[in-house]
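Reading through the C-alpha cells given below for one structure.
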Amino acid sequence: MTISLPPHMNTQQQYDEKPKKHSGKACCFFKAMKESDPHHKTSILFSFFHAMPHVDDPLHVLAMSALWSLAMSHPDDPTLPSLPPFFPSMASLINKGLNNPDWLYKHQNIYIPYYAAHVIGSYSISTARSAELAVESGVIPPLVELLRGRLSWVEQRVAVRALGHLASYDSTFEAILLYEEEIVALAMGIASTCLESVYIEFMVIKKRNKENSLSLKYQRELLSRGLGDEAMEDRKAEEWASQLQCWSIHLLSCFASGRRSSIRRICGDDGRFLKDLCNMWGGLANEKSPAGVGLLRILCRSRLGRKSVSQHKEVLLSLCNMCRSSDDWQYMGIDCLLLLLHDENTRRDVVEVAGSYLADLVELQELGKRRDVGGEIAHALLLDFKNGAYRDNDVVKRALEMVWEVKVERRKREDKMSREAIENKRRIVSSKRRIGNGRFLCGDIEGAIEAYTEALELCPLKLRKERLVLYSNRAQCHLLLREPDNAISDSTRAICLSSPANSHGKSLWRRSQAYDAKGLAKESLLDCLMFLNGSLISSKEKKNKKNTRVPYYAVNMITKQMNAVGFFADGAATQYLMTKKNKAKSESIWG
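Taken in order, the sequence shown gives residues 38 to 628; the numbers are from our numbering.
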C-alpha cells in the first residue's frame with residue numbers, strides 16, 4: 038500500500054527539480070505533521086525530504102528525532118516510506134555525515150546519520166514493501182560504510198540492525214548478496230570483538246581520558262543525548278554492545294540460512310569463529326535472541342555446517358553443557374546435537390564426545406512445548422548401538438548401555454510387574470534410602486552413595502519422585518567428595534525427572550555448586566538464578582511477602598559468577614574481555 042500524491046504533482050519532475058529555498062527546513066516537517074488535508078500534507082513532506090539533504094538547518098536534529106519516534110512506534114505505517122524521496126533522503130544524510138566532518142560536528146548533526154540508519158531499520162522490520170523501497174533507493178552502500186566503522190560503533194549498531202532486516206526478505210536479499218563476502222567478514226569480526234572493543238575503547242578510555250577527546254565526546258552524546266550521567270552511559274554502552282553482537286549474529290544467520298559460500302566463511306578452516314559463538318550470550322536487552330547457539334543450529338541444518346561443527350570438540354562440549362543447564366536456549370543445544378546425531382557422517386564423532394552428557398537427559402519428558410525430548414535423544418543415541426560401534430570407548434559404551442537398559446530392557450520387564458510387586462519394591466527402596474540418609478548423617482559418604490545406588494537399581498521407573506530424590510541425594514554426596522562431574526550427572530538426572538523440567542530447587546543448587554567447582558560460571562549462574570526464582574516463588578506461597586528472604590549463599594554465588602561472566606557491570610568484565618587483548622595493544626591504546 039502506498040500513499041497517493043496530489044494530482045498536480047509529477048513525482049519524477051518534482052524529485053529532479055531544484056528544491057525550494059525553505060522547503061527543507063525542519064519547520065516544514067512539523068507543519069506537515071499538523072496538516073489535516075492529506076494531499077497538502079503529502080506535498081509538504083515530499084518537498085521536505087527532497088530538499089532536506091541540501092539544506093543546513095540546526096533544527097534538523099529535532100525533525101529526525103521525531104521521525105525516529107514515529108518509526109519506532111509505527112513501523113508498519115507506509116505513509117512516510119512510500120514517499121519517493123524518503124529513503125533517498127535517509128541515504129543522503131548518512132553519506133553527508135560520512136563525507137563532511139565539518140557538517141557532522143556542527144550544531145547537533147552527529148545524531149542525524151544515527152537516526153537515519155535507525156529509521157531505515159525500523160521501517161524495514163516488518164514490511165517487505167518498505168524494505169524493497171529502501172533497497173531501490175540505494176540505502177545499502179551507506180549502511181555498509183557505517184558497518185565498516187567509518188563513524189563509531191554506535192552507528193555500526195544501527196547499520197547492522199538495518200542490514201539484518203533488509204536481508205530477512207527474499208525480495209531484498211539478492212541486493213545484500215552483492216556485498217556478501219565483506220558483510221559476512223565484518224559481521225563475524227564485530228560479533229567476536231565488539232564487547233571488548235566497546236569496553237576498552239570507550240569505557241576504559243573514558244575513565245582515563247581526562248581531556249575528553251572529540252571522538253569520545255561524540256560517542257557519549259550519542260549514548261545519553263546529553264541527559265544522563267556516567268552510570269547511565271555505562272549501562273547504555275553495555276546494552277548497546279550486547280545488541281551490536283546479537284544483531285551481527287542475526288545478520289550472519291540470514292546469510293547462513295541459504296548460502297553455502299557464507300556457511301563456508303562462517304565455519305572457516307580453523308573453526309575459530311565457531312568457538313567464539315559458543316560464548317556469545319543472548320538476553321541482555323535482547324530477550325528473544327538466542328545469540329550464538331541460534332546461528333549454530335542454522336549451521337547444523339546444512340551438511341557442510343554439521344561437518345565443521347563435529348570436528349571441533351570445544352564446540353561440541355559447549356553444546357553439551359548447554360543441554361545440561363537451565364539456559365532458556367537449552368532446547369536449541371539439544372536440537373544441534375540431534376541434527377548431528379542423525380547425520381551418519383558426523384554421528385560417531387559426536388557420540389564419542391556427547392554420548393555421556395546426553396545419556397543424562399533420556400528421561401526428560403518435556404521442555405517448554407516440546408514433548409518426549411528424552412525419547413528423541415535416546416533414539417538418536419541408540420542408532421548404532423546394536424552394531425557395537427563404540428565398543429572401544431568404555432565411557433560411551435557404559436552410557437549407551439544405561440540408555441538401552443532404561444529405555445528398552447527395564448521398561449519391558451517393569452511393564453509385566455503387578456501393582457503389588459511395584460509396591461513391594463517401593464518399600465524396599467524407601468528402606469534403602471533411609472539407610473543412605475543415616476550413613477550420610479554419620480559422615481559415611483561412600484556408604485551413602487552405595488545405598489542410594491542400590492535403591493536406584495531397584496526403584497521402578499514409574500516412581501519418578503522417589504528416583505528424583507535418590508539422584509539428588511547422591512549428587513550431594515559426590516559434591517562432598519569433590520566429584521563435580523558425577524554431581525552434575527546425578528543432579529541433571531534428578532532435574533529431568535522433575536515436572537516441569539528445571540524445577541527441583543535442591544538439584545539446581547547442587548548442580549550450580551558443581552559447575553562452579555569446574556569453573557563453568559555461566560552454567561552455574563543460570564542454575565543459581567533458576568534455584569533462587571523457585572525459592573522466592575515458594576516463599577511467597579507459604580509466607581507473607583514481607584517475610585520473603587533471599588538466601589545469602591545464592592546471592593554470593595550470583596555475585597561471584599556475574600563477576601566472571603558479566604559484560605561491564607562494576608568492572609566485572611575486565612578479566613573476561615582483557616584476556617583477548619595483549620599487552621602491546623593495551624600500551625598502544627594508552628599511548
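Ideal placement from N, C-alpha and C gives every residue a C-beta, glycine not left out.
Problem set entry | Three-state secondary structure assigned by DSSP to residue 404 | Collapsing the DSSP output to three states places residue 404 in a strand.
Exercise. From residue 181 to residue 164, what does the alpha carbon distance come to, in whole angstroms?
Worked result: 21 Å
Exercise. What is the DSSP secondary structure of residue 367, reduced to helix, strand or coil?
Worked result: DSSP, read as helix, strand or coil, puts residue 367 in helix.
Problem set entry | Unbroken stretches of the alpha helix (DSSP H), 4 residues or longer, contained in the segment 386-448 | 410-418 and 431-441
Exercise. CA-CA distance, residue 232 and residue 94?
Worked result: 36 Å
For this session: Evaluate residue 696 with the Cβ neighbour count: other Cβ atoms within 10 Å of its Cβ, from every protein chain shown; 16 or more gives buried, anything less gives exposed.
Result: Only positions 38 to 628 of the chain appear in the structure, and residue 696 is not among them; the question remains open.
Exercise. Taking the Cβ atom as the reference point for each residue, do residue 539 and residue 363 lie within a distance shorter than 7 Å?
Worked result: Cβ distance < 7 Å, so residue 539 and residue 363 count as in contact.
Problem set entry | Contacting residues, own chain, Cβ-Cβ under 6 Å from residue 266 (five flanking each side not counted) | none
Exercise. Distance, Cα to Cα, residue 338 vs residue 329?
Worked result: 15 Å
Problem set entry | Three CB pairs or more closer than 8 Å across the segment 380-389 and the segment 334-352 | yes
Problem set entry | Local Cβ density within 10 Å of residue 111, reported as buried at 16 or more and exposed below that | By the neighbour-count rule (16 or more Cβ atoms within 10 Å), residue 111 is not buried but exposed.
For this session: Give every residue of the same chain whose Cβ lies closer than 6 Å to the Cβ of residue 527, excluding the five residues on either side of it in the sequence, and list them in chain order.
Result: 508, 511 and 512
Exercise. Going along the chain, which unbroken runs of the alpha helix (DSSP H) with 4 or more residues stay wholly within the segment 497-559?
Worked result: Listed in chain order, they are 501-517, 521-534 and 542-554.
For this session: Rank 423, 494 and 436 by C-alpha distance to the C-alpha of residue 448 and give the top, closest one.
Result: 494
Exercise. With 16 other CB atoms within 10 Å as the buried threshold, where does residue 241 fall?
Worked result: buried
For this session: With distances taken Cα to Cα, identify the nearest neighbour of residue 142 among 318, 253 and 177.
Result: 253
For this session: Assign residue 588 to one of three DSSP states: helix, strand, or coil.
Result: coil
Problem set entry | Rounded C-alpha distance that separates residue 433 from residue 341 | 26 Å
Exercise. So which of 483, 518 and 534 has the shortest CA-CA distance to residue 500?
Worked result: Of the candidates 483, 518 and 534, the residue whose Cα lies closest to the Cα of residue 500 is 534.
Problem set entry | Segment contact, 8 Å Cβ cut-off, at least three pairs: the segment 442-459 with the segment 467-481 | no
Exercise. Three-state secondary structure (DSSP) at residue 176?
Worked result: coil
For this session: Would you mind sorting residue 220 into buried or exposed? The rule is 16 or more other CB atoms within 10 Å of its CB.
Result: Burial call: buried.
Problem set entry | Backbone CA spacing between residue 237 and residue 257 [nearest angstrom] | 14 Å
Exercise. To which residues of the same chain is residue 296 closer than 8 Å at the C-beta, ignoring the five residues directly before and after it?
Worked result: 214 and 217
Exercise. Roughly how many angstroms lie between the CA atoms of residue 483 and residue 470, to the nearest whole one?
Worked result: 14 Å
Exercise. Where does residue 215 sit, in a helix, a strand or coil, going by DSSP?
Worked result: Residue state, collapsed to three classes: coil.
For this session: Whole angstroms is fine: what's the gap from residue 24's alpha carbon to residue 518's?
Result: Because the chain spans 38 through 628 in this model, residue 24 falls outside it and cannot be assessed.
Problem set entry | Residues near residue 380 in its chain [Cβ-Cβ closer than 6 Å; skip 5 each side] | 343
For this session: Pull up the CB-CB distance for residue 441 and residue 420, whole angstroms please, since I reckon it's below 8 Å.
Result: With a Cβ gap of about 12 Å, residue 441 and residue 420 do not count as contacting.
Exercise. With a Cβ-Cβ cutoff of 7 Å, do residue 436 and residue 375 count as a contact?
Worked result: no
Problem set entry | Whole-Å CB distance - residue 273 paired with residue 261, under 8 Å assumed | Yes, they are in contact, since the Cβ atoms of residue 273 and residue 261 sit about 7 Å apart, within 8 Å.
Problem set entry | Three-way DSSP call (helix, strand, coil) for residue 479 in this model | coil
Problem set entry | Exposure label - residue 17; buried when at least 16 CB within 10 Å | Residue 17 lies beyond the residue range present for the chain, which begins at 38 and ends at 628; the question has no answer from this structure.
For this session: Give me the Cα-Cα distance between residue 327 and residue 77, rounded to the nearest whole angstrom.
Result: 46 Å
For this session: Find the nearest neighbour of residue 29 within the set 443, 331, 549 and 536, judged by alpha-carbon distance.
Result: The displayed coordinates of the chain run from 38 to 628. Any statement about residue 29 would go beyond what the structure contains.
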